[in-house]
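Right, one structure below, let's go through it.
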Amino acid sequence: MIIEADRLTDLLAKILEHAGTEPARARICAEHLVAANLKGHDSHGVGMAPSYVRWIASGKLKPNARAQVVHDRGAVMVVDGGFGLGQPVAREAVDLAIARAAELGVCCLALRNSCHIGRIGTYGEQCADRGMISMHYVNVVGAGPAVAPFGGREPRMLTNPYCCAIPRPGGEHVVLDFATSAIAIGKLRVAYMKGEPVQPGALVELSGRATEDPRTFFEGQARSLLLPFGLHKGGGLQILCELLGGALAGQWTMQPGSDRTFGAAVNNMLAIVIDPDAFGDRAAFEAEAEAMLDYIRATAPAEGVDRVRLPGDPERESLAQRSAAGIPIDENTWAQIRDAAESVGVSDPAFGA
Ligand code: NAD
62 MIIEADRLTD
72 LLAKILEHAG
82 TEPARARICA
92 EHLVAANLKG
102 HDSHGVGMAP
112 SYVRWIASGK
122 LKPNARAQVV
132 HDRGAVMVVD
142 GGFGLGQPVA
152 REAVDLAIAR
162 AAELGVCCLA
172 LRNSCHIGRI
182 GTYGEQCADR
192 GMISMHYVNV
202 VGAGPAVAPF
212 GGREPRMLTN
222 PYCCAIPRPG
232 GEHVVLDFAT
242 SAIAIGKLRV
252 AYMKGEPVQP
262 GALVELSGRA
272 TEDPRTFFEG
282 QARSLLLPFG
292 LHKGGGLQIL
302 CELLGGALAG
312 QWTMQPGSDR
322 TFGAAVNNML
332 AIVIDPDAFG
342 DRAAFEAEAE
352 AMLDYIRATA
362 PAEGVDRVRL
372 PGDPERESLA
382 QRSAAGIPID
392 ENTWAQIRDA
402 AESVGVSDPA
412 FGA
């Protein structure tokens with residue numbers, strides 16, 4: 062199934078609205094999910110919508126809850142998401158942090174108790190579009206752990222994403238944004254839906270044996286778990302996300318005493334937003350950064366690589382390609398979206414396609 066972005070956004074917004082979300086919030090969420098697909102991250106695209114609809118129906122996700130400031134100390138702001146729909150809540154919280162960073166030079170935002178906030182790069186881009194540098198440490202709670210720490214073969218955390226974004230004058234920002242697991246659970250789900258194996262080194266059976274079969278993760282009682290990316294280095298970042306996003310910002314980590322049966326994915330995020338103007342000479346920073354980025358991009362490519370890219374380049378390439386050609390959605394994901402639509406009384410000719 063290939064569908065055009067605007068058509069998909071309208072459909073998603075309608076499904077979320079029928080599930081009880083105010084129109085403006087439903088649209089923010091729909092646009093975020095479709096943008097994730099456009100940028101090549103199907104794992105955090107429209108395939109998440111059926112889960113959101115289910116979590117709203119179960120009363121765990123409060124679709125219209127707003128971001129509420131619960132602690133304000135100048136450059137430090139703590140915002141409670143009230144288990145709201147993550148995309149509008151996180152956007153509101155990050156807007157507050159951007160305004161505060163513009164005033165004080167820096168803002169450290171703790172966003173807690175927000176349901177799944179989706180692709181973290183969205184918030185890096187939100188800051189970068191306003192000329193701000195940002196770093197985002199995020200943990201994931203509300204369900205049991207499924208990712209081992211480096212060197213382990215028992216689950217202790219979830220996929221704890223990290224993002225850092227650097228604004229560039231022309232808008233082609235540097236956006237580094239990834240799960241600290243070798244692959245995001247969403248990508249594992251996409252592979253499972255397509256009946257494809259995953260890359261070696263991402264999954265390990267509970268027995269300790271390596272596997273590439275996503276069925277071992279999703280079918281029946283889980284027989285496998287994810288590993289962190291990049292050995293001890295990725296494993297270290299995974300733990301920092303748990304401590305900074307989870308313990309400091311959210312006061313909710315995956316330790317056994319905390320709620321693992323909440324019934325919806327919850328993200329806690331520590332976002333550090335920095336205004337380069339506060340360093341006195343934005344033009345000098347930009348000139349130095351641009352010269353360095355040119356130098357990196359001009360690196361001779363390794364065998365089998367067409368060119369050296371910057372973080373954010375693959376997303377721009379995918380955006381250009383999918384904006385023109387449409388968004389491919391696999392049959393299983395499409396069937397789940399259709400079921401979610403039906404569950405809230407939405408029918409659409411596209412489901413007959
Ligand atoms: P990934 O492995 O595809 O890595 C993406 C990052 O690597 C991007 O910054 C991209 O620009 C960069 N990149 C990729 N190829 C590159 C190349 N050849 N040269 C230079 N840079 C390159 O990402 P992922 O781990 O699959 O994560 C996917 C998404 O899932 C992310 O947007 C993340 O925020 C999201 N996520 C969200 C949650 C949550 O709980 N909300 C949890 C996990 C992941």
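Here this note's numbering is used: the first residue of the sequence shown is 62, the next is one more, and so on. All C-beta atoms in this analysis are idealised placements derived from N, C-alpha and C, irrespective of residue type, glycine included. No experiment lies behind these values; they were computed from the predicted model shown.
V251 carries a helical assignment under DSSP once its states are collapsed to helix, strand and coil. Per DSSP, V137 lies in no alpha helix (DSSP H) segment; the continuous beta strand (DSSP E) that holds it begins and ends at V137 to D141. Out of F144, H132, M138 and A110, the CA that lies nearest to the CA of N125 is found in F144.
Counting only the Cα atoms, S195 lies some 16 Å from V139. Assigned with DSSP and collapsed to three states, R173 falls in strand. One alpha carbon belongs to L305, the other to V137, and they sit about 14 Å apart. Here T277 is near L264, since their CB atoms are less than 9 Å apart. Between L69 and I388, the C-beta spacing is below 9 Å. At least 9 Å separates the beta-carbon of R214 from that of H102. For S319, same chain residues with a beta-carbon under 7 Å away, outside a window of 5 residues either side, are V202 and W313 in chain order. For V155, the enclosing alpha helix (DSSP H) begins and ends at G147 to L165. Taken atom to atom, the span from the alpha-carbon of L157 to that of R399 is near 36 Å. Spanning the alpha carbons of C90 and Q148 requires a straight line of approximately 5 Å. Bridge partners of H132 according to DSSP: V139.
Contact between the region 350-365 and the region 248-257 is absent: fewer than 3 CB-CB pairs across the two stretches fall below 8 Å.
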